[in-house]
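Read in order, the letters of the sequence shown correspond to residues 1 to 166 in UniProt numbering.
A virtual CB, placed ideally from N, CA and C, is assigned to each residue, including glycine.
Please read all numbers here as calculations on a predicted model, not as lab measurements.
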Amino acid sequence: MTRSTQDFEEFAKARTPQLYRSAWLLAGEHHLAEDLVQETLAKLYRAWRRVEQTDNPAAYAQTVLARTYISQQRRRSSTERPVERTPDRADQTGDHELRLSLLQAMAELSPLDRAVLVLRYFEDRSAEQVAYDLGKNTGAIRTRTSRALNRLRAVLGDEAVHLAAL
């Protein structure tokens, strides 16, 4: 096994939980999140020599994850989407119904808007970082963020107030 392969394996082992969390927030279902992480890691492995030379391989991995998600959503036909989403696993923490409402509301957003919100608020990235990650300008990201949040508020109604407490 080469040193580069060992480095990748160490990186993958360390970053997979974070990638999975982001993937689950994007995809909304555990099996889709697992597929998304697997595809992301495969892409990273193929480009590992270039990736490990970047200033921040972890941020690069998140970028690949978000772009892979958006690409997958472009390819999916509307007939593949379930009529009603159900949770994959029981929620052991917090208010299950409120979290489920948020996931369902996020599912109504476009893939790009969903990626923007996950990167901005769950990955705690700046608008500039998200713009770079998604290949957009900062103004477009700020506009998408605002519109996506307004859409969530409209869909969630009174529940939006309670989500701030989670």
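Item: Given this structure, state the Cα-to-Cα distance separating residue 55 from residue 158, to the nearest angstrom.; Value: 43 angstroms
Item: Whose C-beta lies closer than 8 angstroms to the C-beta of residue 133 among residues of the same chain, with five residues either side of it excluded?; Value: 59, 62, 63, 66, 67, 119 and 125
Item: Say whether the stretch 133-150 touches the stretch 42-52, bearing in mind that this needs 3 or more beta-carbon pairs closer than 8 angstroms, one atom from each stretch.; Value: no
Item: Under 7 angstroms Cβ to Cβ from residue 12, same chain only, skipping five residues before and after it: list those, please.; Value: 41
Item: Confirm, please, whether the CB-CB distance from residue 73 to residue 111 is below 7 angstroms.; Value: yes
Item: Rounded to whole angstroms, what is the Cα-Cα separation between residue 6 and residue 106?; Value: 37 angstroms
Item: When the Cα atoms are used, what is the spatial distance from residue 103 to residue 97?; Value: 10 angstroms
Item: For residue 56, which of helix, strand or coil comes out of DSSP?; Value: coil
Item: Is the Cβ-Cβ distance between residue 154 and residue 109 less than 7 angstroms?; Value: no
Item: Within its chain, find whatever has a CB closer than 8 angstroms to the CB of residue 131; leave out the 5 residues flanking it on each side and keep chain order.; Value: 137, 138, 140 and 141
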